[in-house]
Amino acid sequence: MLLTDLELNTVDFVPNFDNSQKEPSLLPARVPSLLLNGSSGIAVGMATNIPPHNLGELVDALSVIIQNPEATLQELLECMPGPDFPTGGKILGNQGILEAYKSGRGRIVVRGKTDIETIDEKSKRTAIIIKEIPYQANKATLVEKIAELVEEKVLEGISDIRDESDRTGMRVVIELKRSADPAIVLNNLYRHTALQSSFSCNMVAILDGQPRLMGLKEILQAFLDFRCSVIERRARFKLSQALERKHIVEGIVVGLDNLDAVIQIIRETTNHAAATEALVKGFGLSEKQAEALLDITLRKLTSLERKKFVDEAKILSEEISKLNDLLSSKKLIFQLIQQEAADLKNKFSTPRRSLIDESVNSEVDDIDIIPNEEMLLILSEKGYVKRMNPNTFNLQHRGTIGKSVGKMRMNDTASDFIVCQTHDHVLYFSDKGIVYSARAYKIPESTRTATGTPLVQLLPLSDGERITSIIPVSEFGEDQYLVMLTVNGYIKKVPLNAFSSIRSSGIISIQLVPGDELKWVRRCGNDDLVALASQKGKVIVNSCDKIRPLGRNTRGAGAMKLKEGDKMAAMDIIPATADKMPESYSSRVRYRCPPWLLFIAENGIGKRVPLNAFRQSRFNVVGLVGYKLPEDCRLAAVFVAGLSLGDDGESDEQVVLVSQSGTVNRIKVKDISIQSRYARGVILMRLEHAGKIQSASLISAAAAEVAED
Numbered sequence: 124m125l126l127t128d129l130e131l132n133t134v135d136f137v138p139n140f141d142n143s144q145k146e147p148s149l150l151p152a153r154v155p156s157l158l159l160n161g162s163s164g165i166a167v168g169m170a171t172n173i174p175p176h177n178l179g180e181l182v183d184a185l186s187v188i189i190q191n192p193e194a195t196l197q198e199l200l201e202c203m204p205g206p207d208f209p210t211g212g213k214i215l216g217n218q219g220i221l222e223a224y225k226s227g228r229g230r231i232v233v234r235g236k237t238d239i240e241t242i243d244e245k246s247k248r249t250a251i252i253i254k255e256i257p258y259q260a261n262k263a264t265l266v267e268k269i270a271e272l273v274e275e276k277v278l279e280g281i282s283d284i285r286d287e288s289d290r291t292g293m294r295v296v297i298e299l300k301r302s303a304d305p306a307i308v309l310n311n312l313y314r315h316t317a318l319q320s321s322f323s324c325n326m327v328a329i330l331d332g333q334p335r336l337m338g339l340k341e342i343l344q345a346f347l348d349f350r351c352s353v354i355e356r357r358a359r360f361k362l363s364q365a366l367e368r369k370h371i372v373e374g375i376v377v378g379l380d381n382l383d384a385v386i387q388i389i390r391e392t393t394n395h396a397a398a399t400e401a402l403v404k405g406f407g408l409s410e411k412q413a414e415a416l417l418d419i420t421l422r423k424l425t426s427l428e429r430k431k432f433v434d435e436a437k438i439l440s441e442e443i444s445k446l447n448d449l450l451s452s453k454k455l456i457f458q459l460i461q462q463e464a465a466d467l468k469n470k471f472s473t474p475r476r477s478l479i480d481e482s483v484n485s486e487v488d489d490i491d492i493i494p495n496e497e498m499l500l501i502l503s504e505k506g507y508v509k510r511m512n513p514n515t516f517n518l519q520h521r522g523t524i525g526k527s528v529g530k531m532r533m534n535d536t537a538s539d540f541i542v543c544q545t546h547d548h549v550l551y552f553s554d555k556g557i558v559y560s561a562r563a564y565k566i567p568e569s570t571r572t573a574t575g576t577p578l579v580q581l582l583p584l585s586d587g588e589r590i591t592s593i594i595p596v597s598e599f600g601e602d603q604y605l606v607m608l609t610v611n612g613y614i615k616k617v618p619l620n621a622f623s624s625i626r627s628s629g630i631i632s633i634q635l636v637p638g639d640e641l642k643w644v645r646r647c648g649n650d651d652l653v654a655l656a657s658q659k660g661k662v663i664v665n666s667c668d669k670i671r672p673l674g675r676n677t678r679g680a681g682a683m684k685l686k687e688g689d690k691m692a693a694m695d696i697i698p699a700t701a702d703k704m705p706e707s708y709s710s711r712v713r714y715r716c717p718p719w720l721l722f723i724a725e726n727g728i729g730k731r732v733p734l735n736a737f738r739q740s741r742f743n744v745v746g747l748v749g750y751k752l753p754e755d756c757r758l759a760a761v762f763v764a765g766l767s768l769g770d771d772g773e774s775d776e777q778v779v780l781v782s783q784s785g786t787v788n789r790i791k792v793k794d795i796s797i798q799s800r801y802a803r804g805v806i807l808m809r810l811e812h813a814g815k816i817q818s819a820s821l822i823s824a825a826a827a828e829v830a831e832d
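Counting from 1 along the sequence shown, just add 123 to a position and that's the residue number in the working numbering.
Structure below.
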């Protein structure tokens, strides 16, 4: 592949370092070894780093450019999609490959190949098996680095690591702890170790004595020019040898045809020089022919040997004709280059080792290394937010004082308390009708005693702007909507996918009239019901389908006719699967089956009222009585409860109450009495030292494991 035809004057020879011998200035390679084996080196003021490629693919790409010198890069990529590293691995994406092949510079990201195996069926423990590592990565160093990061607590979830490699191949086993997520651990390995590394292409080569940065097509074209020169020099060398040999053979044939006369001349001459001169004069031979005739042995004077010389002369004539045709035709030269390369491919080519995965992002983002777990988000009135594990709070009984939600800043109170996943998009709706978006994990996780992070550090809020509603979204479904309700009673419905792409500075979600503010935003479908409640206990339940979908930059329609001094207090969604509104309403019939509307008043009392105790009524009316409250008390929140039931048919949900001082009480919904729309309710939280109920949240029992005090 590299040394063939070296002795046929195919390349120039230059003196070696001490001028004692001569060495080839370069080798007459039959394929571009610069691309086949790759190259890496540093010189004064320059460097090169070329990745290796697959022999079969390289020959195919060479054939494409031979057949079509104007072939595009895309056509070359169909034959040779990218580098092929001897250590295998997985190449992520083709953007870096395209840049390297086009301009000569590019960054190719390579990952090792791994598998996930179950090592214990009972405990469901798993292990990550590393089978291949990136090019130029050292296995021993990689294992040592992983062990070091585990010891430093940078990598979590790993219980053991061992090298089980043998002559059959590489096998590094990383055993995981029972609670570890293999995908998260693997992404952490990609981020912190050489299991994912990048190969920076810098395709600099010496062309005509000058260093040049070249793309794939330029290198292949330069090789073809060089290979054409090699073929031409080889053909000329063979031609000169064939002509010289033919000249000698023709002289021998002449001598054999006049054998008696030749012998007579040789016998009559006194020495070698005289015999040579006599043969030249007698038969018109050249000195070389005469010398060859004199050197012939007696055994070659037979008629059979003469025939061999005649046949050799004929073969030499045919060879000379072919060499002349080759030297006069570029097409024949290219065909020969292609054929010689194809012979190497047929003999030595192997399947590709490095896979190219265009579907995987080469960058390991934060979302890839953060487990998608349920978290609690707590928002304060002053604009502080913190993310906590649900197990931070213990389950308590109805009527207890509760555990503090944590240290609050002076004159600050908690306003919202929701459950979400760490990978969710969190939509932040402000009182000014602007919506912002950020992933849930962007909020720093904190302890119960931490004060939280100011939202102004996470979102570009304007002066005086407050976040009033938070909506976690896992997927932006086409048949999902967001229902928005303002304090002064305007309601509107906007498709959820209208908020799938929100710029960092936020976008308008609703147009507000002066003095109004956006307070509640809920997610719904057309078949769902929406329940609205005012601070004075009036309730409207109607279908979400009755609300006409509008664009973001609109005001909406009237939701409820509010009496003087009354404002909206709450809004919640009743899923279509839980819709049990009666066809005809009767105040004499008592319904106790779920779902219920859970009412919570500011003074800490509350009750459950069956949903089927209400009837659907249109929007923009006064509404039905849902809670008959004292004159000095207002409704704090209304939720739809009973959507998640236990084996006993009762709700397994929990309600979290937050007082103005920041005290939190979490109780079971089933401990709250089911009463009529006119009943007073029961005490949910004693507020002698805690003021009023500031906010309330309803969470499923699955949101957190029940912890004991």
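No residue lacks a Cβ here, since even glycine has one placed at the ideal position from N, Cα and C.
Model, not experiment: these values are computed from the prediction.
The stretch 551 to 559 and the stretch 621 to 637 touch, with no fewer than 3 CB-CB distances between them shorter than 8 Å. Around the CB of Arg645, 16 or more other CB atoms lie within 10 Å, so the residue is classed as buried. With 16 or more other Cβ atoms inside 10 Å of its own Cβ, Ile663 counts as buried. Between Tyr564 and Ile625, the CB-CB gap reaches or exceeds 8 Å. Phe722 carries a strand assignment under DSSP once its states are collapsed to helix, strand and coil. Looking only at Ile220, Met511, Glu146, the smallest Cα-Cα distance to Gly338 is reached by Ile220. Within the stretch 733 to 814, the runs of beta strand (DSSP E) that reach at least 3 residues and sit entirely inside it are, in chain order, 758 to 764, 777 to 782, 786 to 791.
It is roughly 31 Å from the alpha-carbon of Ser592 to the alpha-carbon of Arg715.
A distance below 8 Å between beta-carbons, with the five flanking residues on each side excluded, links Cys647 to the following residues of its chain, in chain order: Gln603, Tyr604, Leu605, Val606, Lys616, Val653, Cys667, Ile696. Excluding the 5 residues flanking it on each side, Lys361 has same chain C-beta neighbours closer than 8 Å at Leu131, Glu442, Leu446, in chain order. A residue is called buried once 16 or more other Cβ atoms fall within 10 Å of its Cβ, and Ser163, having fewer, is exposed.
With three or more CB-CB distances shorter than 8 Å, the stretch 243 to 253 counts as touching the stretch 294 to 303. Non-local C-beta neighbours of Val779 in its own chain, meaning closer than 7 Å and more than five positions away in sequence, comprise Phe540, Val787, Arg789, Ala819, Ser820, Ile822, ordered along the chain. Here Ile566 is buried. Its C-beta has 16 or more other C-beta atoms within 10 Å. In this structure Cys351 is not in contact with Asn172, their Cβ atoms being roughly 28 Å apart against a cut-off of 8 Å. Three or more pairs of CB atoms, one per stretch, sit closer than 8 Å, so the stretch 465 to 473 contacts the stretch 175 to 193.
Under the DSSP assignment, Asn381 falls outside any alpha helix (DSSP H); it carries neither an H nor an E label. Between Ala398 and Ile388, the beta carbon gap of about 7 Å places them in contact (Cβ cut-off 8 Å). Around the beta-carbon of Asn142, fewer than 16 other beta-carbon atoms lie within 10 Å, marking it exposed.
As a beta-bridge residue in DSSP terms, Phe322 pairs with Ile231. Only exposed fits Ser627, as fewer than 16 other CB atoms lie within 10 angstroms of its CB. By the criterion of a C-beta distance shorter than 6 Å, Gly227 is surrounded in its chain by Met326, Leu336, Met337, Gly338, once the five residues flanking it on both sides are discounted.
Arg731 is positioned such that its CB atom lies no closer than 8 Å to that of Ile816. Bounds of the beta strand (DSSP E) holding Arg562 are 557 to 562.
With contacts defined as CB atoms closer than 8 Å, Gly804 and Ile728 qualify as a contacting pair.
Here Leu734 is not near Pro753, since their CB atoms are 8 Å or more apart. Considering only Glu198, Leu673, Ser321, the residue with the shortest C-alpha distance to Asn620 is Leu673.
In summary, Pro595 is buried, with 16 or more beta-carbon neighbours lying within 10 Å of its beta-carbon over all protein chains present. Around Ala656, the same chain offers Val662, Ala692, Ala693, Gly749, Leu758, Val761 as residues with beta carbons nearer than 7 Å, after the five sequence neighbours per side are excluded.
Closest option to Glu240, judged by alpha-carbon separation, among Arg248, Ile231, Arg234: Arg248.
Residue pairing by DSSP puts Glu255 in a beta bridge opposite Lys236. Put simply, of Phe406, Glu496, Ile231, Leu427 the residue whose alpha carbon is nearest the alpha carbon of Phe322 is Ile231. For Cys647, the beta-bridge partners assigned by DSSP are Tyr604. In this structure the stretch 371 to 379 lies against the stretch 402 to 414, because at least three pairs of beta carbons, one per stretch, are closer than 8 Å. Sixteen is the threshold: when 16 or more other Cβ atoms of the shown chains lie within 10 Å of the Cβ of Leu721, as they do, the residue is buried. A Cβ-Cβ contact shorter than 8 Å links Lys751 with Gly660.
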